[in-house]
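Asker: Here the protein sequences come in this chain order: B, U, S and Z.
Positions 1 to 345 (my numbering) are the ones given, in order, by the first sequence.
Positions 346 to 690 (my numbering) are the ones given, in order, by the second sequence.
Positions 691 to 1035 (my numbering) are the ones given, in order, by the third sequence.
Positions 1036 to 1380 (my numbering) are the ones given, in order, by the fourth sequence.
Every residue gets a Cβ at the ideal spot worked out from N, C-alpha and C, and that includes glycine.
The structure presented is a predicted model; accordingly, all values stated were derived computationally and were not measured.
There are 4 protein chains.
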Amino acid sequence: MAYRAAVVGASGYTGAELLRLLAQHPEIEVVHVTASANVGTAVAALYPSLAPAYPSLEYQAVEPAALDGLDLVFLALPHGESQQLVPSLSGRVGHIVDLGADFRLPAASYEQWYGEAHRAPEQLDSFAYGLPELFRTSNEQVPNIAAPGCYPTAAALALGPLVAHGMVAPTGIVVDAASGVSGRGRGLSAPSLYSEANENVSAYGLLTHRHTGEIEHALSRLHGDDVEVLFTPHLVPMTRGLLATCYARPARDGLTTADVLGALHDSFDQEPFVVVSEEPPATKATLGSNSAHVTARVDPRTGTVLALGAIDNLVKGASGQAIQAVNHVLDLPEPTGLSALGLMP
Amino acid sequence: MAYRAAVVGASGYTGAELLRLLAQHPEIEVVHVTASANVGTAVAALYPSLAPAYPSLEYQAVEPAALDGLDLVFLALPHGESQQLVPSLSGRVGHIVDLGADFRLPAASYEQWYGEAHRAPEQLDSFAYGLPELFRTSNEQVPNIAAPGCYPTAAALALGPLVAHGMVAPTGIVVDAASGVSGRGRGLSAPSLYSEANENVSAYGLLTHRHTGEIEHALSRLHGDDVEVLFTPHLVPMTRGLLATCYARPARDGLTTADVLGALHDSFDQEPFVVVSEEPPATKATLGSNSAHVTARVDPRTGTVLALGAIDNLVKGASGQAIQAVNHVLDLPEPTGLSALGLMP
Amino acid sequence: MAYRAAVVGASGYTGAELLRLLAQHPEIEVVHVTASANVGTAVAALYPSLAPAYPSLEYQAVEPAALDGLDLVFLALPHGESQQLVPSLSGRVGHIVDLGADFRLPAASYEQWYGEAHRAPEQLDSFAYGLPELFRTSNEQVPNIAAPGCYPTAAALALGPLVAHGMVAPTGIVVDAASGVSGRGRGLSAPSLYSEANENVSAYGLLTHRHTGEIEHALSRLHGDDVEVLFTPHLVPMTRGLLATCYARPARDGLTTADVLGALHDSFDQEPFVVVSEEPPATKATLGSNSAHVTARVDPRTGTVLALGAIDNLVKGASGQAIQAVNHVLDLPEPTGLSALGLMP
Amino acid sequence: MAYRAAVVGASGYTGAELLRLLAQHPEIEVVHVTASANVGTAVAALYPSLAPAYPSLEYQAVEPAALDGLDLVFLALPHGESQQLVPSLSGRVGHIVDLGADFRLPAASYEQWYGEAHRAPEQLDSFAYGLPELFRTSNEQVPNIAAPGCYPTAAALALGPLVAHGMVAPTGIVVDAASGVSGRGRGLSAPSLYSEANENVSAYGLLTHRHTGEIEHALSRLHGDDVEVLFTPHLVPMTRGLLATCYARPARDGLTTADVLGALHDSFDQEPFVVVSEEPPATKATLGSNSAHVTARVDPRTGTVLALGAIDNLVKGASGQAIQAVNHVLDLPEPTGLSALGLMP
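Okay, here's the thing in structure tokens:
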């Protein structure tokens, strides 16, 4: 295979999903995996689902020297750890792909939403925001990739074309979203327990969830000026899947459902991983796939634009989209190694 | 026991839930049950969960004459059927309790949202909207009860006090809600299948769900003038539980989270079935109980009021609240026979 | 109320379930709760589902002196802790009810299955095995209660009458069972995570699960001689519910399904908490209730007796049955404060 | 692509799964799909998950003439329909692949378990039982494939090597198995409803499930003489996944866990789709994949052999295995177009 890759933080869910997807990629070979708590354990022992592809690969401790000369280094680390590691990797590996939040925002915005100064602001310009359908053309010549967050991906794909076409007002936007429990990762905490999460829906992070900043930043780039969003995430009892239901006000009189659906079609009909539908999208249509399904409506009665986007939070919302962006950087066809078909039922 | 009751339509989920709850009610005895498709079947055969309480009761065909003289007749029927049955029951039974949508709205509003003229408009005044916490005092002297819908119950309990206190603007309100699959009833349809609903979240009824009219009507009564709501329901993979996440604009400058929480406390601290919490409410805290859990926030950054309400859609959202309203009509303590404690985990 | 009670270990799931059930018990009042990791936290904060009943009760550290003089002390502790606490409580409280495994087995059997010597063997005789339907009469004059384990309860109720009637051979018995995830408790561990347990079935504890010894002990008491059992538990993706599917060989030629169903009816038709059914029992029929549903078959083709039992693992399999046994000890009607009706759907 | 295929009955779950898998197969193109109730509907409308691969394909009515000359015809039909269709296809298409039960058993055994005479017994010899790992070599020169049932696949893979090596006695075998709800198909019935299946485990088809005959037939072929099995299936609350927990008696003294694990390793270590593990297999490790995970134990205490097998019922238990068998017939590498990696979490 053409490219040799490492996955740093491969014992968590986004890391394991990278391993699953890369095993099916014809041009990328995973040669090194690291973990913090499972050093010496076989990937196949922690994830028997991956045994057929990785019969003997074992987790190593993180050593930047061990990554020297690799073509690709994927970072699937807890918030804040990538910015400590990237300076020691920069220039020693081909491309860094960060699946965390460390390189998605400008330094000031990062500090606002994450409550602390960025530790490697000089590296920010070397990372492109890896949401190809909306930011592909502006990413040329940037070597590294900041893979978007799950909620921002769904919200930006649903609302982005409407914002970019000037169809919705930049204030008063509400993103109300629901995510499966895998979005909380593999860490042990009471809300992640089956007996707590099952048969349960609740909102969390009211008014202050950190993805708010990323949603606003992505939409603001498309709008060309500041966009303001209130974001309310919910935890729902399923493993994977994320639905963003977005509310905005029309930017002009007479806007119709045909207009907003037309904007989605214009933006996405040539995209292999976005399905624009007349019907409300279902997260299950995206299960295990790199697809997003989106729709939109205009309600003249209340003067509201409604836009909905569904994804698999671990694929299009994390590891799959990261690989899609890598394919773009490597000049491979974007769909290489990725499936657009959901597992249904 | 003091009161003899029938449940008409007792093979569906709200009917079965009435049977479960009434079995534990010390003053009401179920002496007659009807069903359309299961005549001659034992309740215990269709619902083995109820076998200990109803070892021999069998479903009968609906015969108004068989209900003559009963103290209470609960109607748990598909939309549109109650308005055909009520005229023949009126005056022949003590109290009619309709769990359907037929007697919740004024005739004009009913026609607007249900797409057909009401068939028994002369009966509408004999029904009080059975949401005791918000409309108890205005229901005196009305013999019959229209039990509220599940979504309107959650939305009205969360938003109602804020509307009643004039804290939020009457337009631009969004109610974004999620319900478990039992809300679709026991009827056979593809979206109700386990393999379709599991691991799946989707919105439905975009812009036009019929509960919109009921939410608007309830809030308008509290506001004293028209309130306009955009309502988006979602189906989530759980059996019971309903969460309404509501967005509104403050009606005045400087409104704070303390103000809106205060309004909820003022309205509900003496209520046995409403818990006002600082934390976002979880549907699971209400499982199997007649409680609603609510909270609210004000976001000065975006100028938004957020109000959330969680219930069990089959208890507080249907059968439990119906019994609570009956207790009020019968001058029994409202909690009689009802539990406020959720099944957790 | 007549009796004052403490729940030691009330932050776990069986402890919380005791609080839920005791709140509805007319003769027992919970006046004291302890926890190890949540001292100072309000019950209502950890379990908002219980807020209406315990608005101000807080978890205390375990102090035997604080329990002095109480009528009832429920112990819902991790394995091994009760035997350290009981000697200091004995004689100072009315009745001790242990929901753990410490006082269910004779000392030798305990050591065999738990791998260490019992630390308070002199206390074993003061505990009766609290499975009233099978051992009620032999429990007279024993002050304390060892509440049975969840798997042994389901297996013993399904197989016990057949063993007691000499219908099945005492060797070659297989108990194949499935439990919801709440059976693992509230402790944090990877297999208890939603994302690991959901959409997943697996066996665990192959050949060596500790409940094997308890199942054998209970059945041996009924048989009057040693009974040998192979037990295989499975974890299934649901919160509550436990089904035991048991296989045995007929002890005599010509045994029929009518015979084994007859034995179940003889044993249980007068019991308020056992439903003997013709149909295979469903765990959901028992959800939140103290009922067990059982059936049995004889297969002449393969020479096998099949017996099935379904319960809610936290109610009949733990806290509910403990209260039922307490009611018996206190000479209250056994159903006092307990519901036999399952939450369905 | 080299081969042109039709899927007859492509609106059900096994048919839709064929479409998902074949879309990723480099040598087979689906050119025709039929359905009974959805004629004229687009595949993409019924299964939005498949929209990216089948943007315009529509369901047709079944017309044998329309299948003339195709290389492959997959039949995913309700029980009994294939035997009516096959005679009209025989000789007109390259290979018929039946995913139903019609061509898995000899005529006499079919009549015994299905309760009616086979309508096309003369066609039985043209079908090979498509479980490659166990029957690959005996299938040469047989043009058509009878894809095995889901339960028989899991049971035969777990027990087959032990039976073939003469390690277990041919009588007294118990197969206790659990399946996700998708095994019931897409048909509308109350037990398939989310609200009935969720949070519920129950056994069904006690003593008489039709897969018993198929399990016995497969094991008898491996044993060389009659094998007798008692089979108890259970429905568990998950969409996909199937676990068979099998009990047998050792055929000789001194049999050890090392012996039975060794037999599994001997049979499967070269197979791309079977993982032999020391740990109990979890269905989730196989989700969406064509893999089976198996293990075995010997319990000297009770004299029992335990063998467990986990699969995805729609892939290795149906559509994936059918494609694997087709690959073998077409002399393609068996893994062509199939993934061995499970979706985890």
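(1) What is the C-beta distance between I145/B and V326/B, in whole angstroms, given that I count them as a contact (C-beta under 8 Å)?
(2) How would you label S778/S, buried or exposed, when you count the other beta carbons within 10 angstroms and need 16 or more for buried?
(3) Along chain Z, in chain order, which residues have C-beta atoms closer than 8 Å to that of V275/B?
(4) Does any CB atom of chain S fall closer than 7 Å to the CB of S36/B?
(5) Quick one: grab the DSSP three-state call for F618/U.
(6) Does A1379/Z pass the burial test, meaning 16 or more other C-beta atoms within 10 Å, or should it be called exposed?
(7) Could you work out which residues of chain Z lie near G931/S, taking near to mean beta carbons separated by less than 8 Å?
(8) Which residues bound the alpha helix (DSSP H) around Y110/B?
(9) Any heavy atom of the ligand MN closer than 6 Å to the CB of H1060/Z?
(10) Could you check which residue in L675/U, A465/U, A390/U has the C-alpha nearest to that of Q486/U?
(11) In angstroms, rounded to a whole number, what distance separates the CA positions of H808/S and L1290/Z?
(12) Compare the C-beta of S1009/S against all C-beta atoms of chain B and say whether one is closer than 7 Å.
(13) Confirm, please, whether the CB-CB distance from A1012/S to L709/S is below 7 Å.
(14) By the DSSP assignment, the alpha helix (DSSP H) with S1214/Z in it spans what residues?
(15) Does the distance from the C-beta atom of L757/S to that of V783/S stay below 7 Å?
(16) Check the Cβ-Cβ distances between D299/B and every residue of chain U, and say whether any is below 7 Å.
(17) Using a Cβ-Cβ cut-off of 6 Å (strictly less than) and excluding sequence neighbours within five positions of A1204/Z, which residues of its own chain qualify?
(18) Quick one: residues in its chain with C-beta nearer than 6 Å to the C-beta of A975/S, no 5 flanking neighbours on either side, listed in chain order?
(19) Pull up the DSSP beta-bridge partners for C246/B, would you.
(20) Anyone know if the C-beta pair for V520/U and A627/U falls short of 7 Å?
(21) Taking 7 Å as the CB-CB limit, is S581/U close to chain Z?
(22) Taking only beta-carbon positions, decide if Y703/S is within less than 7 Å of chain U.
(23) Touch check for the stretch 636 to 650 of chain U and the stretch 618 to 625 of chain U: three-plus C-beta pairs under 8 Å?
(24) Could you check which residue in R642/U, R449/U, A351/U has the C-alpha nearest to that of D416/U?
(25) Who are the neighbours of S382/B on chain U, taking C-beta pairs under 8 Å?
(26) Establish whether the CB of P430/U and some CB of chain Z are separated by less than 7 Å.
(27) Is Y247/B close to chain U? Criterion is C-beta to C-beta, closer than 7 Å.
(28) State the start and end residues of the unbroken alpha helix (DSSP H) segment that holds V326/B.
(29) Kindly indicate which three-state DSSP category T379/U falls into: helix, strand or coil?
(30) How is the alpha helix (DSSP H) around A501/U delimited, first residue to last?
(31) Would you be able to state if there are at least three C-beta pairs under 8 Å between the stretch 1366 to 1375 of chain Z and the stretch 1334 to 1342 of chain Z?
(32) Of all the options V605/U, A446/U, A355/U, which has the alpha carbon lying nearest to the alpha carbon of A382/U?
(33) For N200/B, tell me which candidate among P582/U, L366/U, T557/U, R531/U has the shortest Cα-Cα distance.
(34) What residues in the stretch 159 to 183 of chain B have a beta carbon less than 8 Å from any beta carbon of chain D?
(35) Could you tell me the boundaries of the beta strand (DSSP E) in which P923/S lies?
(36) In chain B, what lies closer than 7 Å to E623/U by C-beta?
Answerer: Checking against the coordinates, here is how it stands:
(1) So it is a contact: roughly 7 Å between Cβ atoms.
(2) Counting every other CB atom within 10 Å of its CB across the protein chains shown gives S778/S a total below 16, marking it as exposed.
(3) Result: P1083, A1086, P1087.
(4) Chain S contact via Cβ: absent.
(5) Coil, per DSSP.
(6) The amino acid occupying residue 1379/Z in the given sequence is Met; Ala does not appear at that position. So M1379/Z ends up on the buried side.
(7) The answer, in chain order, is E1234, N1235, V1236.
(8) That run of the alpha helix (DSSP H) goes 107 to 114.
(9) Only the bare structure without any ligand can be found here, which leaves the ligand MN out of the picture.
(10) Considering only alpha carbons, the answer is L675/U.
(11) Between H808/S and L1290/Z, the alpha-carbon positions lie close to 34 Å from each other.
(12) S1009/S does not count as touching chain B.
(13) A1012/S sits away from L709/S, with the two beta carbons spaced by 7 Å or more.
(14) No alpha helix (DSSP H) holds S1214/Z; the beta strand (DSSP E) holding it covers 1208 to 1214.
(15) In contact: L757/S and V783/S (Cβ atoms closer than 7 Å).
(16) Output row for D299/B: interface = yes.
(17) These residues qualify, in order along the chain: R1284, A1286.
(18) Excluding positions up to five away in sequence, the list reads H983, G1032.
(19) In DSSP, C246/B forms a bridge with V175/B, A307/B.
(20) Pairing V520/U with A627/U gives a Cβ-Cβ distance that is not under 7 Å.
(21) Before going further, note that residue 581/U is Val rather than Ser in the sequence given. Not closer than 7 Å to any Cβ of chain Z, the Cβ of V581/U fails to qualify, so no.
(22) Answer yes: the Cβ-Cβ gap between Y703/S and chain U drops below 7 Å somewhere.
(23) Output reads yes: the stretch 618 to 625 of chain U touches the stretch 636 to 650 of chain U.
(24) Comparing Cα positions, the closest option is A351/U.
(25) Examination of residue 382/B is not possible in this model, given that chain B is present from 1 through 345 alone.
(26) Inspection of the sequence shows that residue 430/U is occupied by Leu rather than by Pro. Answer no: the Cβ-Cβ gap between L430/U and chain Z never drops below 7 Å.
(27) At least one chain U Cβ lies under 7 Å of Y247/B.
(28) For V326/B, the enclosing alpha helix (DSSP H) begins and ends at 320 to 329.
(29) DSSP, read as helix, strand or coil, puts T379/U in strand.
(30) Residues 495 to 509.
(31) The answer is no - the stretch 1366 to 1375 of chain Z does not touch the stretch 1334 to 1342 of chain Z, with fewer than three Cβ pairs under 8 Å.
(32) Nearest option by C-alpha distance: A355/U.
(33) The shortest Cα separation from N200/B among P582/U, L366/U, T557/U, R531/U belongs to P582/U.
(34) Looking for chain D here will not work: the only protein chains present are B, U, S and Z.
(35) Taken as a continuous stretch (DSSP letters only), the beta strand (DSSP E) holding P923/S covers 919 to 925.
(36) Scanning chain B for C-beta atoms nearer than 7 Å to the C-beta of E623/U yields nothing, as the closest lies near 10 Å away.
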